[in-house]
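Student:
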Amino acid sequence: QRNNETTMPTEVVDTPAKYDFERCGYVFPPLLDEADDMMQAALLMYPFTKLRSLARSGALGSSNSLSRILETPLPIRDVVNAIEGNAEALTEKVGNEDVDMCRAALKGLYERHEVSDEGVETVLSFTATLMAYGDERSEEELVYGVGVDSARKRITVAFRGSVTKTDFQTDACIGMVTRPNPLAGMPGQPDEIKIHSGFHEYLLKKNDNTGKSKYDEIMGHVLALFKGRSDH
5 QRNNETTMPT EVVDTPAKYD FERCGYVFPP LLDEADDMMQ AALLMYPFTK
55 LRSLARSGAL GSSNSLSRIL ETPLPIRDVV NAIEGNAEAL TEKVGNEDVD
105 MCRAALKGLY ERHEVSDEGV ETVLSFTATL MAYGDERSEE ELVYGVGVDS
155 ARKRITVAFR GSVTKTDFQT DACIGMVTRP NPLAGMPGQP DEIKIHSGFH
205 EYLLKKNDNT GKSKYDEIMG HVLALFKGRS DH
């Protein structure tokens, strides 16, 4: 960070620019599959963040099952069960409109499983495990989740969509910021990339207390998960 400006990290341990994917035999999935993973995660993040916030404040009472959702690792199936099991309490605390959104999210998730080929579940599916969840300041900062599915050999990072006033103000910062491309050197990659200025700020701004950005937090989790999972 220089002169209160955020800077794009240009070096990360084992970045794709420095890693020989052909040698390791990893095959990238189709873009549609990648987008599907993100959508499944997003469908869960809206109601799960609300439920965690209520559990953290004690608004739903105290129980082992509620305290468990504040801990990681947490199987995705437990995430779904917690949302479904607290639908009535969520209705009382946050109103019908928000709960209807939660139910629509779960309905969409189940529908995605029903149409999967030959019953094969996708990456952030009921076989995955939530390894990290950043929502301590969900009204002021972005919310992210990091999941791993060893059956599919995938590590997925997902972000909650826009909910709060801060989120929408960030969305409105539509100018583009030019930064060095961490993947420069790979075939077809330019030396520089342009990033939405609002999300650039949200993701890369350093926290005054910790000196770390959300990017630093997320990459810390991701790199730790890759240790011992070289085939992911």
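Position 87 of the sequence shown, counted from 1, bears residue number 91 in our numbering, the numbering being contiguous throughout. Just so it is clear, CB atoms sit at the ideal spot from N, CA and C, and this is done for glycine as well.
Please classify Met-67: is it buried, with 16 or more other beta-carbons within 10 angstroms of its beta-carbon, or exposed?
Tutor: Residue 67 sits at position 63 when you count from the first residue of the sequence shown. It should be noted that the sequence gives Ser, not Met, for residue 67. By the 10 Å Cβ count, Ser-67 comes out exposed.
Student: If you follow the beta strand (DSSP E) that Glu-196 is in, where does it begin and where does it stop?
Tutor: Taking the sequence shown and counting its residues from 1, the one referred to as residue 196 is at position 192. From DSSP, the beta strand (DSSP E) with Glu-196 extends over 196-200.
Student: Assuming Val-150 contacts Ile-222 (C-beta within less than 8 Å), just tell me the rounded distance between them.
Tutor: Position 146 of the sequence shown, counting from 1, holds the residue named residue 150. Position 218 of the sequence shown, counting from 1, holds the residue named residue 222. Right, their Cβ atoms sit about 7 Å apart.
Student: Cα separation between Lys-216 and Glu-140?
Tutor: Taking the sequence shown and counting its residues from 1, the one referred to as residue 216 is at position 212. Taking the sequence shown and counting its residues from 1, the one referred to as residue 140 is at position 136. Taking the Cα positions, Lys-216 is about 15 Å away from Glu-140.
Student: Please list the terminal residues of the continuous beta strand (DSSP E) segment that includes Met-180.
Tutor: Against the sequence shown, residue 180 aligns to sequence position 176. Where Met-180 is concerned, the enclosing beta strand (DSSP E) stretches over 180-184.
Student: For a test of the three-state rule: what should DSSP assign to Thr-126, helix, strand or coil?
Tutor: Translated into the one-based positions of the sequence shown, residue 126 becomes position 122. For Thr-126, the pLDDT reaches just 46, beneath the cut-off of 50, and the residue's location in the model is therefore unreliable, although a value from the coordinates is still provided. In this structure, Thr-126 counts as coil in the three-state DSSP scheme.
Student: Applying the criterion that 16 or more other CB atoms from any shown protein chain within 10 Å of the CB defines a buried residue, is Pro-2 buried or exposed?
Tutor: Limits of the chain in this structure are 5 at one end and 236 at the other, which puts residue 2 out of reach.
Student: Using 10 angstroms around the beta-carbon of Pro-51, count the other beta-carbons present and answer buried if the total reaches 16, otherwise exposed.
Tutor: Here residue 51 is taken as the residue at index 47 of the sequence shown, counted from 1. Buried is the call here.
Student: Is Asp-220 helix, strand or coil by DSSP?
Tutor: Taking the first residue of the sequence shown as position 1, residue 220 is located at position 216. The answer is helix: DSSP assigns Asp-220 an H, G or I state.
Student: Taking Glu-96 as the reference, which of Leu-58, Ala-176, Lys-157 and Thr-168 has the closest Cα?
Tutor: The residue labelled residue 96 in the question sits at position 92 within the sequence shown. Looking at the Cα atoms, Leu-58 is the closest of the given residues.
Student: For Asp-82, which of Thr-133, Gln-173, Ala-63 and Thr-53 has the nearest alpha-carbon?
Tutor: Numbered from 1 along the sequence shown, position 78 holds the residue referred to as residue 82. Closest by alpha carbon: Thr-133.
Student: In whole angstroms, what separates the C-alpha of Ala-91 from that of Ala-228?
Tutor: Against the sequence shown, residue 91 aligns to sequence position 87. Against the sequence shown, residue 228 aligns to sequence position 224. Distance between the alpha carbons of Ala-91 and Ala-228: 34 Å.
Student: List the residues that DSSP assigns as beta-bridge partners of Ile-159.
Tutor: Looking up residue 159 in the sequence shown gives position 155. Per DSSP, Val-152.
Student: Can you check DSSP and say which residues form a bridge with Leu-134?
Tutor: The residue labelled residue 134 in the question sits at position 130 within the sequence shown. Note: Leu-134 sits in a beta bridge opposite Leu-78 and Gly-151.
Student: Return the residue from the list Gln-193, Leu-207 and Arg-158 that minimises the CA-CA distance to Ser-234.
Tutor: Taking the first residue of the sequence shown as position 1, residue 234 is located at position 230. If we check each option's Cα against that of Ser-234, Arg-158 comes out closest.
Student: My output table needs one value for Ala-188: the three-state DSSP class, helix, strand or coil.
Tutor: As a working mapping, residue 188 is identified with position 184 in the sequence shown. DSSP places Ala-188 in strand when its eight states are reduced to three.
Student: Leaving out five residues before and five after Thr-76 in sequence, what residues of the same chain have Cβ atoms less than 8 Å from its Cβ?
Tutor: Here residue 76 refers to the residue found at position 72 when the sequence shown is read from its first residue. Contacts found: Leu-134, Met-135, Ala-136 and Tyr-137.
Student: Residue range of the alpha helix (DSSP H) that Ala-93 falls in?
Tutor: Within the sequence shown, residue 93 is the residue found at index 89, counting from 1. DSSP places Ala-93 in the uninterrupted alpha helix (DSSP H) bounded by 91-98.
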